[in-house]
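S.K.: I have a structure I would like to understand better, so I am pasting it below and will then ask my questions one at a time.
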Amino acid sequence: MATKKKSAGKKPPAPPVPTLERLHALHPDAHCELDHRNAFQLLCATVLSAQTTDVAVNKATPKLFAKYPDARALAKAEPADVEPLVSTLGFFRMKSKSLVGLARALVEKHGGQVPRSMVELVALPGVGRKTANVVLGVMWNAPDGVVVDTHVQRISQRLKWTKNDDPVKIEQDLCKILPRDKWDIASHILIFHGRRICFARKPNCEGCGINDVCPSAFRAENVGRKPPRLRLATLSDR
Ligand code: SF4
29 MATKKKSAGK KPPAPPVPTL ERLHALHPDA HCELDHRNAF QLLCATVLSA
79 QTTDVAVNKA TPKLFAKYPD ARALAKAEPA DVEPLVSTLG FFRMKSKSLV
129 GLARALVEKH GGQVPRSMVE LVALPGVGRK TANVVLGVMW NAPDGVVVDT
179 HVQRISQRLK WTKNDDPVKI EQDLCKILPR DKWDIASHIL IFHGRRICFA
229 RKPNCEGCGI NDVCPSAFRA ENVGRKPPRL RLATLSDR
């Protein structure tokens, strides 16, 4: 095993496209795990997912969307009306305020519809590049980049697809090595792999289907860092 550890460190980066295809075969159902029925719901769910799990968001959103099914309904609410519906989530007061502000902007500037361009999306309150890319990718398969969350960051580093720690730079690295039509699915595949096999603390390298090409296999525990702690002002940009 010691020999394996020594040689593993000298392995080249995993070949991006073939490795992604193998990962997709391991996770053929990879998809966005935030429950939603339309772009408005996905946008809201993504804003709510900051600093919490998709599972927790999915428990909260049915009541939220039952009461506020679209931007016009939510725009008429006050943040205090929304708070009880999302109170199980961290930073729920701030998130309630963000959702109402977002809904009002959608009504005022876009007729209640979610715009389809990065420029228009990031101009909305509480919406940053990552949130916009989730919506553009999942709803219309037209992302402007790769969504880099903690799983994508960690696995990209373990596969040596990036040497960076900054999510913005990691996104740039991934966009260079992956074809544009893979940008959306790539993030879902890596997130699935991170949630099911390539865990942060104890990655299951033994049971991983790409351990023959992964340069960090069997020595990955200390590879891949958490993203910098998010400032409250940018919390919704996840
Ligand atoms: S589980 Fe291990 S072998 Fe698989 S991608 Fe993660 S670090 Fe590499």
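Its first residue numbered 29, the sequence shown is counted upward by one per residue in this note's numbering. Glycine residues also receive a C-beta, built at the ideal position from the N, C-alpha and C atoms. From a predicted model like this one, the values you see are computed outputs, not experimental measurements.
(1) Can you give the Cα-Cα distance for D193 and K95, rounded to whole angstroms?
(2) Please report the distance separating the alpha-carbon of M29 from that of N239.
(3) Quick one: grab the DSSP three-state call for K39.
(4) So is N232 buried or exposed if we call it buried at 16+ other beta carbons inside 10 Å?
(5) Tell me which residues share the same chain as R121 and place their Cβ nearer than 8 angstroms to its Cβ, disregarding the 5 neighbours each side in the sequence.
(6) Is the CB-CB distance between G165 and D212 below 8 angstroms?
(7) For the ligand SF4, I want to know if P43 counts as a neighbour, meaning its beta carbon is within less than 7 angstroms of at least one of the ligand's heavy atoms.
(8) What number of angstroms, rounded off, separates the C-alpha of A53 from the C-alpha of K188?
(9) Kindly confirm or deny that the segment 96-105 and the segment 131-151 touch, where touching means at least three C-beta pairs closer than 8 angstroms.
(10) Whose C-alpha, out of P40, D82, K38, P46, is nearest the C-alpha of A214?
(11) What distance in whole Å lies between the Cβ atoms of K91 and L113, which are believed to be in contact at a cut-off of 8 angstroms?
(12) Compare the beta carbon distance of A78 and F220 with 8 angstroms and say whether it is the shorter of the two.
(13) Considering only residues of the same chain and omitting the five flanking positions on each side of K125, which have a CB-CB separation below 7 angstroms?
(14) Could you check how far apart the C-beta atoms of P153 and G118 are, in whole angstroms? I think they sit under 8 angstroms.
M.R.: In brief:
(1) Each residue's alpha carbon lies about 40 angstroms from the other.
(2) Per-residue confidence for M29 stands at a pLDDT of 37, beneath the threshold of 50, marking its modelled position as unreliable; no derived number is given.
(3) Note: K39 maps to coil in three-state DSSP.
(4) It counts as exposed.
(5) When the five nearest sequence neighbours on each side are left out, the beta carbons in the same chain lying within less than 8 angstroms of the beta carbon of R121 are those of P107, E111, in order along the chain.
(6) Contact: yes.
(7) With a threshold of 7 angstroms, the Cβ atom of P43 does not count as near the ligand SF4, since no heavy atom of the ligand is closer than that.
(8) Roughly 20 angstroms separates the two Cα atoms.
(9) Yes: the two stretches touch, three or more of their Cβ pairs being nearer than 8 angstroms.
(10) Minimum Cα distance to A214 is reached at P46.
(11) Indeed, because the Cβ distance is near 5 angstroms, the residues count as touching under 8 angstroms.
(12) No, they are not a contact pair.
(13) Here the set comprises P107.
(14) Between P153 and G118 a beta carbon distance of about 19 angstroms is seen, past the 8 angstroms cut, so the two are scored as non-contacting.
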